[in-house]
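Protein chains: 2
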Amino acid sequence: MLNSVEEKILDTIDNVKDLFSGAHNVRSNGKAISRSISKNIDIINKEDKPGINVVIKPNTIGESVHVPVILSDENFKDLVYNTFDVGEGSDVVVVAGCGIHNCGTKTTQHDGIHDFIVRKGAHLKYVEKHYAGGDGEAQKIFNTKTILEVEEDGVLEMELIQIKGVTSTKKDTEIRLHKNAHLIITERIFTELDQEAQSHINIELVGEDSTAQVISRSVSKDNSKQLFYFNMKGENKCRGHIECDSIIMGNAQVTSVPSLSAYNEDAELIHEAAIGKIASDQLMKLMSLGLTEKEAEETILKGFLK
Amino acid sequence: MLNSVEEKILDTIDNVKDLFSGAHNVRSNGKAISRSISKNIDIINKEDKPGINVVIKPNTIGESVHVPVILSDENFKDLVYNTFDVGEGSDVVVVAGCGIHNCGTKTTQHDGIHDFIVRKGAHLKYVEKHYAGGDGEAQKIFNTKTILEVEEDGVLEMELIQIKGVTSTKKDTEIRLHKNAHLIITERIFTELDQEAQSHINIELVGEDSTAQVISRSVSKDNSKQLFYFNMKGENKCRGHIECDSIIMGNAQVTSVPSLSAYNEDAELIHEAAIGKIASDQLMKLMSLGLTEKEAEETILKGFLK
Chain A
33 MLNSVEEKIL DTIDNVKDLF SGAHNVRSNG KAISRSISKN IDIINKEDKP GINVVIKPNT
93 IGESVHVPVI LSDENFKDLV YNTFDVGEGS DVVVVAGCGI HNCGTKTTQH DGIHDFIVRK
153 GAHLKYVEKH YAGGDGEAQK IFNTKTILEV EEDGVLEMEL IQIKGVTSTK KDTEIRLHKN
213 AHLIITERIF TELDQEAQSH INIELVGEDS TAQVISRSVS KDNSKQLFYF NMKGENKCRG
273 HIECDSIIMG NAQVTSVPSL SAYNEDAELI HEAAIGKIAS DQLMKLMSLG LTEKEAEETI
333 LKGFLK
Chain B
33 MLNSVEEKIL DTIDNVKDLF SGAHNVRSNG KAISRSISKN IDIINKEDKP GINVVIKPNT
93 IGESVHVPVI LSDENFKDLV YNTFDVGEGS DVVVVAGCGI HNCGTKTTQH DGIHDFIVRK
153 GAHLKYVEKH YAGGDGEAQK IFNTKTILEV EEDGVLEMEL IQIKGVTSTK KDTEIRLHKN
213 AHLIITERIF TELDQEAQSH INIELVGEDS TAQVISRSVS KDNSKQLFYF NMKGENKCRG
273 HIECDSIIMG NAQVTSVPSL SAYNEDAELI HEAAIGKIAS DQLMKLMSLG LTEKEAEETI
333 LKGFLK
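Going line by line, the protein sequences match chains A and B. Residue numbers for the first sequence follow my numbering, so the first one is 33 and each next one is one higher. Residue numbers for the second sequence follow my numbering, so the first one is 33 and each next one is one higher.
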């Protein structure tokens with residue numbers, strides 16, 4: 033079903049064992065090539081546009097859904113709309129890995145538009161991993177638009193990870209948190225060469241006692257460019273915290289623009305950002321233990337993006 | 033020369049003793065009403081537009097220039113262009129206080145456009161205090177555009193203070209720092225009622241080893257609105273640090289948007305922001321010492337904006 037290149041990509045963007053043991057939908061070059069559902073998790077094709085509806089029954093505990101996308105055709109643009117309905121009181125994991133392999137010269141692009149509703153008291157862990165490989169000159173592009181609504185007492189954990197190889201990416205994430213809903217976002221982005229990455233995260237703390245925490249870390253090497261926009265609005269008694277750290281190397285450029293807006297006297301919003309290079313004392317220490325400068329650098333970056 | 037109301041305003045926005053003992057230009061309702069120069073500091077009227085050129089000779093040490101603006105006429109709009117040339121190796125203080133008194137119903141507005149050049153090795157302390165009084169319903173508006181160029185080894189200390197009473201303000205500050213130039217900005221803004229305040233600060237760290245530090249604190253009460261935009265660009269080996277804290281009360285709204293951009297791998301940029309209400313434990317402590325809640329609140333706000 034999958035050729036060896038596709039298998040390798042899948043292994044990078046997802047855990048293959050977990051994937052095939054539960055509900056999943058594997059999309060390769062625009063077509064579903066493997067699908068499995070469970071008693072509690074249904075996957076249905078959309079009728080009006082490409083994509084699927086994933087419906088998770090209330091009180092589904094400990095299950096996962098994997099919806100990886102693989103693209104190995106060059107000169108191909110994939111566009112998909114996925115909708116996830118996470119039922120009341122569930123506790124589930126959704127893994128959306130996206131991998132491109134392109135050794136040619138013509139662009140491969142994946143645009144994913146995702147809608148989530150995390151219903152009352154549900155807990156969703158959402159993992160998104162982006163990776164591209166191939167020696168060619170071709171552009172490997174990922175764009176995502178992700179809209180998430182977290183109902184009362186819901187919890188959303190997001191991991192947004194760009195591993196490497198992506199020529200250009202634009203991620204747009206919008207989250208609304210209702211009463212006592214909680215959000216934790218972990219973002220990791222690595223760019224090198226002439227790559228460009230943009231991440232916009234909009235968080236609306238709508239409900240009383242909602243909380244949000246964003247921890248974003250990135251490494252920008254060579255001539256690559258990164259742009260971060262974080263927008264957090266406190267519209268009720270709430271707490272929000274954004275922390276973003278970037279390591280910059282070579283001729284790279286990083287811009288970080290967080291925006292905090294408080295519309296309620298009981299909104300507590302905090303932001304911290306830092307852009308800088310690798311600490312030289314850390315480099316020295318590892319080099320004194322026998323590592324070359326390059327090895328020391330790689331060790332530090334790995335630890336930073338962990 | 034000054035009536036009693038004007039004297040009172042002057043006393044709020046400047047130190048009258050210091051003012052009249054050195055170089056100064058007092059502008060009242062659009063006209064210069066008192067001027068004094070010194071051996072080292074010249075003040076010349078602009079020929080093409082309203083305003084003055086202040087020329088400070090090289091190596092002028094320990095002197096000050098006061099250029100207060102007082103407006104007591106209602107339905108009056110004052111526009112002034114001032115240019116300051118701070119000579120090489122000087123160490124001087126410039127105080128630009130602006131005060132409006134309006135008991136009527138029609139708007140009084142002051143727009144000040146300031147240009148500074150801080151020449152090689154000079155040290156400038158620039159103090160800007162805004163205040164408005166009067167019981168009327170009239171709008172009391174201040175807008176400023178301040179452009180500052182700090183040459184090699186120059187030091188610029190800025191104090192931007194909005195005391196109270198200003199219906200609407202928009203401050204736009206642009207600073208370019210050259211080799212080994214240093215900047216420290218202290219900003220304090222207080223708004224209440226339906227007042228609105230906007231502050232845009234753009235800092236370009238152009239030169240090697242330039243540094244910038246911004247400490248902004250604000251209090252927003254009642255229905256007032258505050259908007260802060262901080263934009264710091266590191267274009268060379270440099271260090272920059274922005275810290276902004278806001279206390280929000282009642283139905284006030286505060287938006288804080290810092291933007292860090294690093295265009296050099298030796299640029300180190302840091303930002304911290306927090307929006308929240310007065311810490312309740314601080315209130316409790318002061319109230320347990322016998323203060324009413326209102327007194328305790330005022331004491332804390334005073335300390336915060338000090």
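Here a beta-carbon is modelled for each residue, glycine too, at the ideal position from N, C-alpha and C.
Three-way DSSP call (helix, strand, coil) for residue i in this model
i, result
"K63 of chain B", "strand"
"G335 of chain B", "helix"
"T44 of chain A", "helix"
"L315 of chain B", "helix"
"E191 of chain A", "strand"
"A328 of chain A", "helix"
"L323 of chain B", "coil"
"K49 of chain A", "helix"
"S36 of chain A", "helix"
"P290 of chain A", "strand"
"G297 of chain A", "The sequence as given places Glu at residue 297 of chain A; Gly does not occur at that position. Correct three-state label for E297 of chain A: coil."
"N234 of chain B", "strand"
"R208 of chain A", "strand"
"A128 of chain B", "strand"
"R249 of chain A", "strand"
"M264 of chain B", "strand"
"K81 of chain A", "coil"
"V99 of chain A", "coil"
"D110 of chain A", "strand"
"G119 of chain B", "coil"
"K25 of chain B", "For chain B, the structure presents residues 33 to 338; residue 25 of chain B sits outside this window and is missing."
"S104 of chain A", "coil"
Residues that residue i contacts on chain B, provided the C-beta gap is smaller than 9 Å
i, result
"I302 of chain A", "E304, A305, A306, I307, G308"
Supposed close pair residue i, residue j - CB separation, criterion 8 Å
i, j, result
"I195 of chain A", "H142 of chain A", "I195 of chain A to H142 of chain A, Cβ: 15 Å. No contact."
"E228 of chain A", "K257 of chain A", "5 Å"
"K172 of chain B", "N134 of chain B", "6 Å"
"A140 of chain B", "D105 of chain B", "Residue identity check: residue 140 of chain B is Thr in the sequence provided, not Ala. The Cβ separation is near 7 Å, so the contact holds."
"K49 of chain A", "N72 of chain A", "Between N72 of chain A and K49 of chain A the Cβ distance is about 20 Å, and since that is not below 8 Å, they are no contact."
"I307 of chain A", "S278 of chain A", "5 Å"
"R249 of chain A", "F336 of chain A", "6 Å"
"D298 of chain B", "K269 of chain B", "4 Å"
"D123 of chain A", "G62 of chain A", "At roughly 32 Å, the Cβ-Cβ gap does not stay under 8 Å, so D123 of chain A and G62 of chain A are not in contact."
"E169 of chain A", "H210 of chain A", "Their Cβ separation, rounded to whole angstroms, is 47 Å, which puts E169 of chain A and H210 of chain A out of contact at 8 Å."
Cβ-Cβ distance between residue i and residue j below 7 Å
i, j, result
"A159 of chain A", "V127 of chain A", "Looking at the sequence provided, one finds Val at residue 159 of chain A rather than Ala. Taking 7 Å as the Cβ cut-off, V159 of chain A and V127 of chain A qualify as a contacting pair."
"N57 of chain B", "I76 of chain B", "no"
"P100 of chain B", "G136 of chain B", "no"
"T223 of chain A", "L259 of chain A", "no"
"L301 of chain B", "L292 of chain B", "yes"
"D80 of chain B", "T115 of chain B", "no"
"G121 of chain A", "A164 of chain A", "no"
"T205 of chain B", "T243 of chain B", "no"
"L188 of chain A", "L156 of chain A", "yes"
"Y261 of chain A", "H232 of chain A", "yes"
"C276 of chain B", "A294 of chain B", "no"
"R208 of chain B", "V246 of chain B", "no"
"K326 of chain A", "I280 of chain A", "no"
"G282 of chain A", "K253 of chain A", "yes"
"G94 of chain B", "V150 of chain B", "no"
"E219 of chain B", "L180 of chain B", "no"
"L103 of chain A", "I132 of chain A", "yes"
"V251 of chain A", "L318 of chain A", "no"
"T201 of chain B", "F174 of chain B", "yes"
Chain A contact residues for residue i, given Cβ-Cβ distances below 8 Å
i, result
"A299 of chain B", "I280, I307, G308"
Chain B contact residues for residue i, given Cβ-Cβ distances below 7 Å
i, result
"Y295 of chain A", "Q285"
Below-7 Å beta-carbon distance, residue i vs any chain D residue
i, result
"K257 of chain B", "Although the question refers to chain D, the structure presented lacks it and instead comprises the protein chains A and B."
- Which residues, in order along the segment 280-291 of chain A, keep a beta-carbon less than 8 Å from a beta-carbon of chain B? I280, M281, G282, N283, A284, Q285, V286, T287, S288, V289, P290, S291
- Item | Contact list for the segment 226-253 of chain A against chain B, Cβ threshold 7 Å | none
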